[in-house]
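Student: The sequence shown begins at 1 in UniProt numbering and counts up by one. Cβ coordinates follow ideal geometry from the N, Cα and C atoms, glycine included.
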Amino acid sequence: MSGTNGKYDAPGIALVPYPIILAATKGEPDAMKVVIQHFRGYITTLSMRKLYDECGNAYYGVDEEIRERLQAKLMRAVLTFKAD
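Written as structure tokens, this is what we have:
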């Protein structure tokens, strides 16, 4: 993806197009998938936690419960967003 982010050309970072945002605020599933896909990396980063295996070894991994809760929170925020 490439696009313009504010005043700066950001070749690797594109914004979610306005028509997609409008469709997502109206509850269209395909548009909501695009918005969730756009924020997938950020949500994954926020949901990383130090986890332990059965032997007590520590490792970093995605806490699926937190990831799902963040996705749900994003979907609620999009549905309540007033774009008009």
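Starting from Ala58, follow its DSSP beta bridges and name the residues at the other end.
Tutor: DSSP output for Ala58 lists Tyr52 as bridge partner(s).
Student: Mind checking Met32: buried by the 16 CB within 10 Å criterion, or exposed?
Tutor: So Met32 ends up on the buried side.
Student: Please work out which residues of its chain come closer than 7 Å, Cβ to Cβ, to Arg67, disregarding the five sequence neighbours upstream and downstream, and give them in chain order.
Tutor: Result list for Arg67: Ile43, Thr44, Ser47, in chain order.
Student: Measuring only the C-alpha atoms, how far is Glu64 from Ile20?
Tutor: Roughly 26 Å separates the two Cα atoms.
Student: Would you mind stating whether Arg49 and Val34 have Cβ atoms separated by less than 9 Å?
Tutor: Taking 9 Å as the Cβ cut-off, Arg49 and Val34 do not qualify as a contacting pair.
Student: By alpha-carbon positions, which one of Pro17, Tyr18, Thr25, Val16 ends up nearest to Asp79?
Tutor: Before going on, a small fix: residue 79 reads as Leu here, not Asp. That would be Thr25, whose Cα lies nearest to the Cα of Leu79.
Student: Could you tell me how far apart the beta carbons of Phe39 and Leu74 are, in whole angstroms, since I believe they sit closer than 8 Å?
Tutor: Indeed, because the Cβ distance is near 6 Å, the residues count as touching under 8 Å.
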